[in-house]
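Asker: Here it is: the structure, laid out below.
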Amino acid sequence: MAQKNIAVSRLIPSEFFEPNLRLYSFIFLIAAASIALYLFPVGEFKGYIDPFYSPTILVLPLVGLYRLTCYAYRKDYNRHVFKHPVACPVYTRMDGPQRSYTGETSSLFKVENLHRYFLYSAIAILPFFYYDLVLSLMYSGGIILRIGSIVLAVNAVLITLYVFSCHSLRSLIGGRKDCFSCMANASGRKKFYDVQSGLNAHHEQIAWASLVFIVFTDLYMRALSAGIPLDHVIFHILKL
Amino acid sequence: MKAENKKEEGAKTGRTRKFKVYREDPTDGKGGEYQEFDVQVEEGMVVLDAITYISQRVDPTLAVRWNCKAARCGSCSAEINGVPRLMCKTRVDTIDGTITVGPMRAFPLVKDLVTDVSSNYEIEKLMPEFKPKEGISSPWRMNEMDVGRSQEFRKCIECFLCQDVCHVVRDHHAAYIGPRHVVKAASLDMHPLDTLDRSEWLTADGGLGYCNVTKCCQDVCPEHIKITDNAIIPEKERSADSLYDPIISLFRRFSKGKADRKQ
Numbered sequence: 001m002a003q004k005n006i007a008v009s010r011l012i013p014s015e016f017f018e019p020n021l022r023l024y025s026f027i028f029l030i031a032a033a034s035i036a037l038y039l040f041p042v043g044e045f046k047g048y049i050d051p052f053y054s055p056t057i058l059v060l061p062l063v064g065l066y067r068l069t070c071y072a073y074r075k076d077y078n079r080h081v082f083k084h085p086v087a088c089p090v091y092t093r094m095d096g097p098q099r100s101y102t103g104e105t106s107s108l109f110k111v112e113n114l115h116r117y118f119l120y121s122a123i124a125i126l127p128f129f130y131y132d133l134v135l136s137l138m139y140s141g142g143i144i145l146r147i148g149s150i151v152l153a154v155n156a157v158l159i160t161l162y163v164f165s166c167h168s169l170r171s172l173i174g175g176r177k178d179c180f181s182c183m184a185n186a187s188g189r190k191k192f193y194d195v196q197s198g199l200n201a202h203h204e205q206i207a208w209a210s211l212v213f214i215v216f217t218d219l220y221m222r223a224l225s226a227g228i229p230l231d232h233v234i235f236h237i238l239k240l
Numbered sequence: 001m002k003a004e005n006k007k008e009e010g011a012k013t014g015r016t017r018k019f020k021v022y023r024e025d026p027t028d029g030k031g032g033e034y035q036e037f038d039v040q041v042e043e044g045m046v047v048l049d050a051i052t053y054i055s056q057r058v059d060p061t062l063a064v065r066w067n068c069k070a071a072r073c074g075s076c077s078a079e080i081n082g083v084p085r086l087m088c089k090t091r092v093d094t095i096d097g098t099i100t101v102g103p104m105r106a107f108p109l110v111k112d113l114v115t116d117v118s119s120n121y122e123i124e125k126l127m128p129e130f131k132p133k134e135g136i137s138s139p140w141r142m143n144e145m146d147v148g149r150s151q152e153f154r155k156c157i158e159c160f161l162c163q164d165v166c167h168v169v170r171d172h173h174a175a176y177i178g179p180r181h182v183v184k185a186a187s188l189d190m191h192p193l194d195t196l197d198r199s200e201w202l203t204a205d206g207g208l209g210y211c212n213v214t215k216c217c218q219d220v221c222p223e224h225i226k227i228t229d230n231a232i233i234p235e236k237e238r239s240a241d242s243l244y245d246p247i248i249s250l251f252r253r254f255s256k257g258k259a260d261r262k263q
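Note that the protein sequences, when read in sequence, are chains A and B. Counted from 1, the first sequence has number 167 at position 167 by the working numbering; the numbering is strictly sequential. Counted from 1, the second sequence has number 114 at position 114 by the working numbering; the numbering is strictly sequential.
This is the structure:
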């Protein structure tokens with residue numbers, strides 16, 4: 001029986017079987033949001049494409065897994081969902097020897113080691129956000145700048161910063177090397193590594209900013225397609 | 001407003017503050033408890049000043065370990081109001097109310113505030129040693145751009161606050177060697193003249209997978225070493241290279257097969 005339990009905890013961590021309202025709420029929110037995104041799609045609206053449907057909602061699981069395996073979010077859900085521990089001061093941790101713990105050694109969490117593959121898919125998806133931005137700017141035939149385009153632009157920049165501040169990318173561009181000076185174009189690559197490391201130091205803040213903003217962008221696009229008059233034209237250059 | 005500020009300052013310094021200090025002698029089997037002391041606080045006073053005042057003037061049986069009082073030796077680690085900190089680097093006027101001082105709970109207690117941190121030196125003995133490239137001429141020359149990363153880890157003063165705050169080391173007794181030792185491994189791994197990759201050892205024997213990157217170690221480091229960002233996560237990525245990445249492992253198998261065929 002004990003052996004069976006060990007086998008199960010190797011596959012699914014025991015934290016999933018604890019009475020944990022935060023975990024239930026987290027799973028419920030993710031499930032409800034995913035179902036809502038599939039059930040209530042937003043088509044193109046006056047040249048705007050909702051970021052959740054760019055390029056297609058079918059790639060959303062990859063993007064979701066990129067965020068779920070991200071080191072910044074790992075810190076957050078390990079602290080605030082699994083409570084391992086909630087906070088660092090010893091009196092407020094809500095963690096202790098009485099709780100079972102397998103960390104990232106269980107089969108389920110070993111998937112986190114494949115974060116780099118989800119990074120590759122996120123890089124592949126990035127150009128679509130800029131393509132959608134250009135489409136929204138060219139919507140009228142000329143060049144039109146509307147508030148919605150600014151929202152799309154901020155969203156695209158935040159996602160780009162999020163992807164390019166990734167810890168796996170940091171390893172890929174030089175972190176895994178012991179000797180920078182041995183590489184071709186050493187000073188250029190070291191500079192790139194240093195700039196990326198500077199960005200990486202703010203990865204957590206960028207991760208949250210981009211997550212909040214992508215939801216805001218989605219809500220903005222849904223509001224527009226529902227007929228709420230939020231959008232305004234800033235300038236419009238007609239095609240000659 | 002100024003009067004209020006002065007009143008607040010007066011409340012924190014220049015008067016008696018209450019300290020609760022953990023007292024226990026494990027040899028007498030009586031268990032431990034917090035003992036209250038009132039200490040006259042002066043401006044700029046740190047917690048270690050108050051503790052040494054108690055041990056020298058009030059109760060000489062209070063056991064406390066300290067040395068430099070300059071945050072260089074890493075001896076005076078303790079839990080101050082539940083946060084692992086150096087007593088010599090924690091100003092009294094930054095804390096409101098009663099100041100509770102206890103030993104680092106992740107280690108066996110010797111007496112009162114003194115703990116036995118020797119297990120860390122045993123772990124260090126297990127670590128694969130620095131193995132320099134063969135045939136390099138002396139003196140060793142290294143490019144400045146290559147030494148920066150491992151230099152950061154050399155700042156470690158071995159106060160073991162990171163080990164104390166780590167919930168894996170402290171609460172779960174899993175086979176994880178702890179953040180201090182991952183920093184040590186990373187300082188060797190990122191050394192430009194070292195030839196070993198310790199990431200596989202860290203995962204297999206060091207239990208690196210138990211770390212769930214909650215960054216408490218990074219938060220408490222008095223030397224502000226980016227333990228998680230610059231040591232643990234890069235080592236996790238290196239172990240993903242060597243153990244979990246299917247394409248890299250295929251590539252390695254292919255290049256190994258090629259090398260074997262050449263022989």
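Where is the CB? At the ideal position from N, CA and C, for every residue including glycine. None of the values given here were measured: they were computed from a predicted structure.
For V90 of chain A and chain D, any beta-carbon pair shorter than 9 Å?
Answerer: Reference to chain D is not applicable here, since the protein chains of this structure are A and B.
Asker: Can you check whether the CB of I248 of chain B is closer than 9 Å to the CB of A186 of chain B?
Answerer: No.
Asker: Take D130 of chain A and list the residues in its own chain whose beta-carbon comes closer than 7 Å to its own, dropping the five residues that flank it on each side.
Answerer: In the sequence on display, residue 130 of chain A carries Tyr and not Asp. Excluding residues within five positions, the ones whose Cβ falls inside 7 Å are A156.
Asker: Is the region 159 to 169 of chain B touching the region 104 to 117 of chain B, taking contact as three or more C-beta pairs under 8 Å?
Answerer: The answer is yes - the region 104 to 117 of chain B touches the region 159 to 169 of chain B, with three or more Cβ pairs under 8 Å.
Asker: Is the Cβ-Cβ distance between R238 of chain B and D189 of chain B less than 9 Å?
Answerer: The answer is yes: Cβ separation under 9 Å.
Asker: Rounding to the nearest angstrom, what Cα-Cα distance links D28 of chain B and K133 of chain B in this structure?
Answerer: Roughly 53 Å between the two C-alpha positions.
Asker: Using the beta-carbon count (16 or more within 10 Å), is W140 of chain B buried or exposed?
Answerer: exposed
Asker: Please name the residue in B:R57, B:C88, B:H191 and B:D96 whose C-alpha comes closest to that of S181 of chain A.
Answerer: Checking every option, the nearest Cα to that of S181 of chain A belongs to B:H191.
Asker: Where does the unbroken alpha helix (DSSP H) through Q56 of chain B begin, and where does it stop?
Answerer: Neither: Q56 of chain B is in no alpha helix (DSSP H) and is coded neither H nor E.
Asker: Bridge partners for F213 of chain A per DSSP, in chain order?
Answerer: Answer is none; F213 of chain A lacks a bridge partner.
Asker: Give the DSSP-derived three-state secondary structure of K215 of chain B in the structure shown.
Answerer: The DSSP-derived three-state label of K215 of chain B is coil.
Asker: Only counting runs of 4 or more residues, tell me where the alpha helix (DSSP H) segments fall wholly within the region 84 to 139 of chain A, in order along the chain.
Answerer: 107 to 110 and 115 to 137
Asker: Just to make sure I have the definition right: I need the residues of chain A whose C-beta is within less than 8 Å of the C-beta of N277 of chain B. Which are they?
Answerer: No answer is possible for residue 277 of chain B: it lies beyond the span of chain B, which begins at 1 and ends at 263.
Asker: Could you tell me the distance, in whole angstroms, from the CA atom of N20 of chain A to the CA atom of A207 of chain A?
Answerer: 25 Å
Asker: Give the interface partners of Y101 of chain A over in chain B, defined as CB-CB distance under 9 Å, in chain order.
Answerer: Taking a Cβ-Cβ threshold of 9 Å, the residues of chain B close to Y101 of chain A are H167, V168, D171, H172, A174, Y210 and N212, in chain order.
Asker: Take every Cβ of the region 125 to 139 of chain A, pair it with every Cβ of the region 211 to 221 of chain A, and state whether three or more of those distances are shorter than 8 Å.
Answerer: no
Asker: Give me, in chain order, the residues of the same chain whose beta-carbon lies closer than 8 Å to that of L23 of chain A; leave out the 5 immediate sequence neighbours on both sides.
Answerer: E15, F16, V81 and F82
Asker: Sort A:K190, A:Y71, A:E18 and A:F52 by Cα distance to D95 of chain A and report the nearest one.
Answerer: When C-alpha distances from D95 of chain A are compared across A:K190, A:Y71, A:E18 and A:F52, the shortest belongs to A:E18.
Asker: Give a yes or no on contact between the region 33 to 48 of chain B and the region 86 to 105 of chain B, applying the rule of three or more CB pairs nearer than 8 Å.
Answerer: Yes, they touch.
Asker: Figure out for me which residue from B:V21, B:G257, B:G135 and B:P128 has the closest Cα to the Cα of T100 of chain B.
Answerer: B:V21
Asker: Under 6 Å Cβ to Cβ from I49 of chain A, same chain only, skipping five residues before and after it: list those, please.
Answerer: Scanning its chain for C-beta atoms nearer than 6 Å, with the 5 sequence neighbours on each side dropped, one finds around I49 of chain A the residues D132, in chain order.
Asker: For the alpha helix (DSSP H) containing T203 of chain B, name the first residue and the last one.
Answerer: S199 to A204
Asker: Expressed to the nearest angstrom, what Euclidean distance is found between the alpha-carbon atoms of D231 of chain A and P41 of chain A?
Answerer: 20 Å
Asker: Who are the near neighbours of D241 of chain B in its chain, counting only those whose CB is closer than 6 Å to its CB and skipping five residues on each side?
Answerer: I248, listed in sequence order.
Asker: List, from N- to C-terminal side, the alpha helix (DSSP H) runs of 4 residues or more that fit wholly inside the region 130 to 199 of chain B.
Answerer: 144 to 153, 161 to 165 and 179 to 189
Asker: Beta-carbon of V47 of chain B versus every beta-carbon of chain A: anything under 9 Å?
Answerer: no
Asker: Return the chain-ordered list of same chain residues with a C-beta closer than 6 Å to the C-beta of L161 of chain B, the five sequence neighbours on each side being excluded.
Answerer: Cβ neighbours of L161 of chain B beyond the five flanking positions: S77, P84 and V220.
Asker: On the three-pair Cβ rule with 8 Å, is the region 58 to 70 of chain B touching the region 195 to 213 of chain B?
Answerer: no
Asker: May I ask you to report which of helix, strand or coil DSSP gives D178 of chain A?
Answerer: coil
Asker: Just checking my contact of F164 of chain A with Q196 of chain A at CB under 8 Å: how many whole Å lie between their CB atoms?
Answerer: About 7 Å separates the beta carbons of F164 of chain A and Q196 of chain A, which is inside the 8 Å limit, making them a contact pair.
Asker: Roughly how many angstroms lie between the CA atoms of S171 of chain A and R189 of chain A, to the nearest whole one?
Answerer: 12 Å
Asker: Exposed or buried, D194 of chain B, counting other C-beta atoms within 10 Å across all chains shown (16 or more means buried)?
Answerer: buried
Asker: If the cut is a Cβ gap below 7 Å, which residues of chain A does I233 of chain B touch?
Answerer: Y71 and H167
Asker: Closer than 9 Å, CB to CB, is G29 of chain B near chain A or not?
Answerer: No, G29 of chain B does not count as interfacial toward chain A.
Asker: Could you give the distance in angstroms between the alpha-carbon of E144 of chain B and the alpha-carbon of A153 of chain A?
Answerer: 39 Å
Asker: Alpha carbons only, please: which of B:C211, B:A50, B:A63 and B:I54 is nearest the one belonging to H173 of chain B?
Answerer: With distances taken between CA atoms, H173 of chain B lies nearest to B:C211 out of B:C211, B:A50, B:A63 and B:I54.
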